[in-house]
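Keeping their order, the protein sequence lines are chains A and B. Per our numbering, residue 1 is the first one in the first sequence, and the count goes up by one each step. Per our numbering, residue 1 is the first one in the second sequence, and the count goes up by one each step. Cβ coordinates follow ideal geometry from the N, Cα and C atoms, glycine included. Worksheet for the structure shown next.
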Amino acid sequence: MTRLQLKTQQIWQNRFFILTAIKMDFKSRFSRSLFGSVWAILNPLVMVAIYAFILSKIMQAKLPGIESSYAYPIYLISGIIGWTLFTEVISRSLMVFIENGHYLKKLAFPRSNLIFIVLGASLINSGIFILASIAIFLILNFYPSSSLLWLIPLEILTALFALGIGISCGVLNVFLRDIGQVVPIILQLLFWLTPIVYTINIIPQDVQYLLELNPVFDIINMYHDVLAYQTAPSMQSMAKLGLMTLIANIIGLTLYRKAHNQIVEEL
Amino acid sequence: MSILQLSSVSKAYIEYPNFRHRFLSWFGRQNPRLKKHLILDNINLSVEQGEAIAFVGQNGAGKSTLLKLITGILAPSTGNIQVNGKISAILELGMGFDANFSGAENARNTLSIMGYHPEQIELAIPEIKAFSEIGDYFEQPMRIYSSGMQMRVAFAVATTFQPEILIIDEALSVGDAYFQHKSFDRIRELQKQGTTLLIVSHDKQAIQSICNRAILLDQGSIKKEGSPVEVMDYYNALIVAKSHEDIVLKPTEEGKLQTISGNHKAQITEVKLYNSQGIETQDLQVGELASLHIQVEVLQPIKQLVCGFMLKERLGQVIYGTNTWFTEQVLTDVTEPQRINYQIQFAARLGVGSYSCTLALTGGATHLQENYHWIDLALVFKVLNINKTEFIGTNWLEPKFIIQRD
Numbered sequence: 001m002t003r004l005q006l007k008t009q010q011i012w013q014n015r016f017f018i019l020t021a022i023k024m025d026f027k028s029r030f031s032r033s034l035f036g037s038v039w040a041i042l043n044p045l046v047m048v049a050i051y052a053f054i055l056s057k058i059m060q061a062k063l064p065g066i067e068s069s070y071a072y073p074i075y076l077i078s079g080i081i082g083w084t085l086f087t088e089v090i091s092r093s094l095m096v097f098i099e100n101g102h103y104l105k106k107l108a109f110p111r112s113n114l115i116f117i118v119l120g121a122s123l124i125n126s127g128i129f130i131l132a133s134i135a136i137f138l139i140l141n142f143y144p145s146s147s148l149l150w151l152i153p154l155e156i157l158t159a160l161f162a163l164g165i166g167i168s169c170g171v172l173n174v175f176l177r178d179i180g181q182v183v184p185i186i187l188q189l190l191f192w193l194t195p196i197v198y199t200i201n202i203i204p205q206d207v208q209y210l211l212e213l214n215p216v217f218d219i220i221n222m223y224h225d226v227l228a229y230q231t232a233p234s235m236q237s238m239a240k241l242g243l244m245t246l247i248a249n250i251i252g253l254t255l256y257r258k259a260h261n262q263i264v265e266e267l
Numbered sequence: 001m002s003i004l005q006l007s008s009v010s011k012a013y014i015e016y017p018n019f020r021h022r023f024l025s026w027f028g029r030q031n032p033r034l035k036k037h038l039i040l041d042n043i044n045l046s047v048e049q050g051e052a053i054a055f056v057g058q059n060g061a062g063k064s065t066l067l068k069l070i071t072g073i074l075a076p077s078t079g080n081i082q083v084n085g086k087i088s089a090i091l092e093l094g095m096g097f098d099a100n101f102s103g104a105e106n107a108r109n110t111l112s113i114m115g116y117h118p119e120q121i122e123l124a125i126p127e128i129k130a131f132s133e134i135g136d137y138f139e140q141p142m143r144i145y146s147s148g149m150q151m152r153v154a155f156a157v158a159t160t161f162q163p164e165i166l167i168i169d170e171a172l173s174v175g176d177a178y179f180q181h182k183s184f185d186r187i188r189e190l191q192k193q194g195t196t197l198l199i200v201s202h203d204k205q206a207i208q209s210i211c212n213r214a215i216l217l218d219q220g221s222i223k224k225e226g227s228p229v230e231v232m233d234y235y236n237a238l239i240v241a242k243s244h245e246d247i248v249l250k251p252t253e254e255g256k257l258q259t260i261s262g263n264h265k266a267q268i269t270e271v272k273l274y275n276s277q278g279i280e281t282q283d284l285q286v287g288e289l290a291s292l293h294i295q296v297e298v299l300q301p302i303k304q305l306v307c308g309f310m311l312k313e314r315l316g317q318v319i320y321g322t323n324t325w326f327t328e329q330v331l332t333d334v335t336e337p338q339r340i341n342y343q344i345q346f347a348a349r350l351g352v353g354s355y356s357c358t359l360a361l362t363g364g365a366t367h368l369q370e371n372y373h374w375i376d377l378a379l380v381f382k383v384l385n386i387n388k389t390e391f392i393g394t395n396w397l398e399p400k401f402i403i404q405r406d
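The following block contains the structure:
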């Protein structure tokens, strides 16, 4: 049996744990709250509502390519769906070893389970958010097209790309807790360096190329394409994301391989 | 095939002064001048299925680290560990419980991490609840549990499915007397079904009654390995060992190993047991008045001299022990050279069996302050029942049954 087969088998054997853990993850986040998982959707929706109300005055103009008088909120929601998934996976992976320290220190189990829990929980959250967003689109008389199907590979690649970055930071964070403080700041900066609440054309032409260096730029563009502009994403961007995902995960995996024996000792 | 095999296992922690050193070490740039803490040094151990092994040793001897390596939570720095069975482990008093979840939820979580099927787990939950006997607390968040209650749930979870190897680090001493009895009963039951047991404990009685082998760890290496009685006696001596003391292991006539320690400022030179007729003997009758004669040679001036004796049954459990500190017969400012004779008279209110006598010359209430001479197995005698009612156990209580029929 190859290593890959062995690994797959191991994951299959642990599927119940991964599922239970995802369930417990939801439960623990809302264990002492009245409205439970409603908060999971409410949080990003409030963010959208705030931007929509505050910025809609500035951005009242119709966005070219979106056939709706609510073009701006639709554009905003599309971008935030992608951004929320990206940051959720990173923030969770950043803390995954530290938060699960009590398990890592007391029980022997395949550590890769934790990564699947992060992926699973984030993707389910994102799925709920997408469903809620589609409901809002329908209320706004905006009917999503079949381009929506592109969301599936897009979500998976985005989550995996974020996972590669997140695991690298998560491993380093065990030994160097500053990482846990720095990453949220960087994410904050990145949010404003990505056209999510604004459109690219408000940026002077000669500096636009700088924004395009931002790896999240392409991802969010694809979410705009698929959800707001209802077209297929650019294949070039998709391939680029695939490549970045591969590189990020090779780095993450290498760091993990080198450091994993020291992780439990340091927790 | 052994169920557990450790070959030249070592574990060292390297002290990285900063992150850069650690980072470089991941990519093979180990700075040889970094400070290394060797926790375990070249451990070789082979455990057969069904064995019960106790690890003893002082704090920091490496016991917990060794169990973590065996469990697979830590990886050895060098060497190889081979485990051929499913392990269930209670390490450092817990099984990774989350204080925000209830006992039931934590039990489910932990068992599912251990790889059990949800249906199996649901079947086990009522059993875990019943065994832990914490009532309605089982559905309450663990943050309101006492440490004893947490321990009860942990033990119930760890043993609900029969593990091939059960590892318990210290945990047994947390519960109350009732639960300790209950846990030991379950451990014995598991043992009968073939579970291999590895425990860390400071409870000498528990070790001697459950384990077939004890391993003494000292500063990261196996200092001594053998029968629990032998190892515990040696460990006892090691606790007080100072630079000017020596510990000698001497085989007795029956082939047992006896531990002798002390700084020899005073020495026991002769031990004799007399029966009620004043005849030297190695056999006493139940309830017979006996007398133990001990001859002590003082070799250096001693401020305080205390003489103690202790009777142990065949498995090494202490039946009785006291010393002249507690009887307020301490000899003070003893000069050398001098010969002192102690006579200890006692009634052998003991059950049928073989008993050993441990003798000690110390400077105070315990041998921890100053230990002049300590001899385990100084004398072995048998108790025979010739003219008393048939009974079992180690104590002769001489009961009277009063029976009334209405």
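Could you spell out the range, first to last residue, of the alpha helix (DSSP H) harbouring residue i?
i: F137 of chain A; result: 112-139
i: S183 of chain B; result: 177-192
i: I392 of chain B; result: I392 of chain B -> no alpha helix (DSSP H), and no H or E assigned at all.
Check residue i in the structure and name its three-state DSSP category.
i: E92 of chain B; result: coil
i: Q285 of chain B; result: strand
i: E133 of chain B; result: coil
i: L253 of chain A; result: helix
i: W83 of chain A; result: helix
i: S147 of chain A; result: helix
i: R22 of chain B; result: helix
i: F346 of chain B; result: strand
i: H244 of chain B; result: Here the model assigns H244 of chain B a pLDDT of 49, short of 50, so the residue's position is not dependable, and the following value carries that caveat. Three-state result, H244 of chain B: coil.
i: L292 of chain B; result: strand
i: Q329 of chain B; result: coil
i: Q188 of chain A; result: helix
Taking the DSSP output, what are the residues bridged to residue i?
i: P44 of chain A; result: None, per the DSSP bridge assignment.
i: C357 of chain B; result: B:L311, B:L379
i: R339 of chain B; result: B:E297
i: F437 of chain B; result: Nothing in the structure corresponds to residue 437 of chain B, since chain B is present only between 1 and 406.
i: Q374 of chain B; result: Strictly speaking, residue 374 of chain B in this sequence is Trp, with Gln absent from that position. Answer is B:S261, B:A360.
i: G226 of chain B; result: B:A214
i: L38 of chain B; result: B:A12
Express the C-alpha separation of residue j and residue i in angstroms, rounding to a whole number.
i: S146 of chain A; j: S93 of chain A; result: 32 Å
i: N395 of chain B; j: P110 of chain A; result: 52 Å
i: H293 of chain B; j: K272 of chain B; result: 5 Å
i: L38 of chain B; j: G220 of chain B; result: 7 Å
i: V334 of chain B; j: D376 of chain B; result: 24 Å
i: E105 of chain B; j: Q188 of chain A; result: 36 Å
i: Y372 of chain B; j: F175 of chain A; result: 50 Å
i: G101 of chain A; j: Y235 of chain B; result: 34 Å
i: L284 of chain B; j: T389 of chain B; result: 16 Å
i: N387 of chain B; j: V157 of chain B; result: 50 Å
i: L104 of chain A; j: R108 of chain B; result: 17 Å
i: I219 of chain A; j: L19 of chain A; result: 28 Å
i: L181 of chain A; j: L172 of chain A; result: Reading off the sequence shown, one finds Gln at residue 181 of chain A, where the question assumed Leu. Whole-angstrom Cα-Cα distance: 12 Å.
i: Q49 of chain B; j: K36 of chain B; result: 35 Å
i: Y256 of chain A; j: S183 of chain B; result: 39 Å
i: G242 of chain A; j: L131 of chain A; result: 25 Å
i: P126 of chain B; j: E139 of chain B; result: 12 Å
i: Q191 of chain B; j: L246 of chain A; result: 50 Å
i: G62 of chain B; j: G226 of chain B; result: 18 Å
i: V286 of chain B; j: L384 of chain B; result: 6 Å
i: A108 of chain A; j: S7 of chain B; result: 20 Å
i: P233 of chain A; j: N84 of chain B; result: 52 Å
i: S243 of chain B; j: L217 of chain B; result: Unreliable positioning characterises S243 of chain B in this predicted model, as indicated by a pLDDT of 44, which lies under 50. The coordinate reading is nonetheless provided below. In a straight line, the C-alpha of S243 of chain B is about 19 Å away from that of L217 of chain B.
In terms of residues, what are the limits of the beta strand (DSSP E) holding residue i?
i: T65 of chain B; result: Note, T65 of chain B: premise wrong, no beta strand (DSSP E); alpha helix (DSSP H) at 63-71.
i: K272 of chain B; result: 266-274
Mind listing which residues of the region 15-29 of chain A have their C-beta closer than 7 Å to chain B's C-betas, in chain order? F16, F17, T20, M24, S28
Quick one, which residues of the region 100-131 of chain A are near chain B if we go by CB-CB under 7 Å, in chain order? H102, Y103, K105, K106, L107, A108, F109
Residues of the region 243-265 of chain A with a CB closer than 7 Å to any CB of chain B: list them in chain order, please. Residues of the region 243-265 of chain A with a C-beta atom less than 7 Å from some C-beta of chain B are K258, A259, N261, V264, E265, listed in chain order.
Relative to chain A, which residues along the region 68-83 of chain B have a C-beta separation below 7 Å, given in chain order? T71, G72, I73, L74, A75
Return the residues of the region 163-186 of chain A that lie within a Cβ-Cβ distance of less than 7 Å from chain B, sorted by chain order. F175, L176
Could you name the residues of the region 87-98 of chain B whose beta carbon sits closer than 9 Å to any beta carbon of chain A, in the order they occur along the chain? I87, A89, I90, L91, E92, G94, M95, G96, F97, D98
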